[in-house]
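In terms of the numbering used here, the sequence shown opens at residue -14 and continues consecutively. Glycine included, C-beta positions come from ideal geometry on N, C-alpha and C. Bear in mind the structure is a predicted one, so any value in this text is a computation, not a measurement.
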Amino acid sequence: MNRLSLARIISVAQWWKENAGLMQVEVAALEPLLWREGNVRVGHVVAKLKAMGFRVSMTSNGSLLARQAQELKEAGLDLLRLSWHSMSPDIYRRVTGGGNLEKLIEGIRAGIDCSLPMSLNRVLMRGHTTDLPDQLAFIDQHQLRLKLLDLYWTEESAAEYDRYYITPEEALEESVASGYLKLIQDDGQQRGRSRVRYLTPRQGLVEYKLKSTARKSNDVCDLCTKKSNCLEGYGDYFRVFPEGKSSLCYLRQDLAYSTYENDTFVIAEQQPWAQELRSSISSTPLRLVLEGRCNFNCGFPDTVSSWCLKQGKGYQFPDRSGVILREYQ
-14 MNRLSLARII
-4 SVAQWWKENA
6 GLMQVEVAAL
16 EPLLWREGNV
26 RVGHVVAKLK
36 AMGFRVSMTS
46 NGSLLARQAQ
56 ELKEAGLDLL
66 RLSWHSMSPD
76 IYRRVTGGGN
86 LEKLIEGIRA
96 GIDCSLPMSL
106 NRVLMRGHTT
116 DLPDQLAFID
126 QHQLRLKLLD
136 LYWTEESAAE
146 YDRYYITPEE
156 ALEESVASGY
166 LKLIQDDGQQ
176 RGRSRVRYLT
186 PRQGLVEYKL
196 KSTARKSNDV
206 CDLCTKKSNC
216 LEGYGDYFRV
226 FPEGKSSLCY
236 LRQDLAYSTY
246 ENDTFVIAEQ
256 QPWAQELRSS
266 ISSTPLRLVL
276 EGRCNFNCGF
286 PDTVSSWCLK
296 QGKGYQFPDR
306 SGVILREYQ
């Protein structure tokens, strides 16, 4: 199955609510705006979750946003996070594996026009941050939030990781030194990694998480061979995937287990993380990966290698070689 059905979405949400889970759900990557069941689009899913009392956020590449922004606004979406990894149309196309920057900007403007709550995400890559001041100016102009993301390590991207990795501190160094960004106090967030936040002159917000503060002190992380490369730690979210498996870990497939009987969400007590989930469910966000396809395949702008966390898990992506090799072979 390449997507979570509406019945399965409602089932896990109802189970979560009945078991006193944190009423916060993120509709996550792959691309959720591709999700469709008959004539029903993802805005309907958002409306259903809102009616159940959830705070709902979504992460999207924004390529289909222009035609769905109003629907998401009317559904009550609390926040839409848009991935915008470069201000350069050419670099953006190469990073995304063929994406059109104009479509993203068109979607952002549609969101602004209908007052859809939005923020921006950007994965940082060494050698491709000279346009960051222009992006800071954009979020300053529109009073948006920009979240700078550490490049995630994956087995598929390991060969290129060291070449491209750059810390958020280094990427922002000139903007901080010039006084354009002003450090503000952390909000005291207790869950997940600590954050560093800056304000632009007109109250745009720039933030990043501190890599060194990931929670990796439990038994699972202590024994994990990927611990040194993990950014989030075990239990940062409870993730439900399109094929019906669920996990408390983003990096390891072997920690994902089947959690559906037909369309009914069920957690068997013998599942390794069942007890841990029940003990922490009131403070753990729910993350639903609705769609098993993406119309982008994000990676390094100079190679065919992808850094997408969903690679190697049987999901569907465009072929990056059609974009990259024409220029570099």
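Beta-carbon to beta-carbon, residue -7 and residue 250 are separated by about 7 Å, close enough to satisfy the 8 Å threshold. In terms of CA proximity to residue 68, 130 leads the group 253, 130, 112, 139. Annotated as proximal: residue 233 and residue 220, with beta-carbon spacing under 8 Å. Fewer than three Cβ pairs drawn from the stretch 121 to 128 and the stretch 250 to 265 lie within less than 8 Å of each other, which leaves the two stretches out of contact. Boundaries of the beta strand (DSSP E) harbouring residue 65: 64 to 68, taken from the DSSP string. In this structure, the straight-line span from the alpha carbon of residue 43 to that of residue 62 is close to 8 Å. For residue 169, the uninterrupted beta strand (DSSP E) segment begins and ends at 167 to 169. From the listed residues 105, 101, 187, 78, the smallest Cα separation to residue 128 is found for 187. Here residue 126 is not bridged, per DSSP, to any residue. Beta-bridge pairing by DSSP links residue 106 to 68, 132. Residue 149: not part of any beta strand (DSSP E); member of the alpha helix (DSSP H) spanning 143 to 149, first to last residue. Within the stretch 177 to 265, the runs of beta strand (DSSP E) at least 3 residues long that lie entirely inside it are, in chain order, 180 to 184, 190 to 194, 223 to 225, 230 to 232.
Secondary structure at residue -1: helix, using DSSP grouped into helix, strand and coil. Taking 8 Å as the cut-off, the beta carbon of residue 162 is found no closer than this to the beta carbon of residue 133. Secondary structure note for residue 45: its beta strand (DSSP E) is the uninterrupted segment 40 to 45. Minimum Cα-Cα distance from residue 183 among the listed residues 158, 206, 203 corresponds to 158.
Distance from the CA atom of residue 75 to the CA atom of residue 253, rounded to whole angstroms, is 49 Å.
Residue 170 and residue 181 have their C-alpha atoms roughly 8 Å apart. By DSSP's assignment, residue 10 forms a beta bridge with 41, 271.
Between the stretch 274 to 283 and the stretch 75 to 86, the count of C-beta pairs closer than 8 Å reaches three or more; the two stretches touch. Between the C-alpha atoms of residue 98 and residue 54 there is a straight-line separation of about 9 Å. Residue 84 sits in coil when the DSSP states are folded into three classes, being neither helix nor strand.
For the pair residue 275 and residue 30, the CB atoms are nearer than the 8 Å cut-off.
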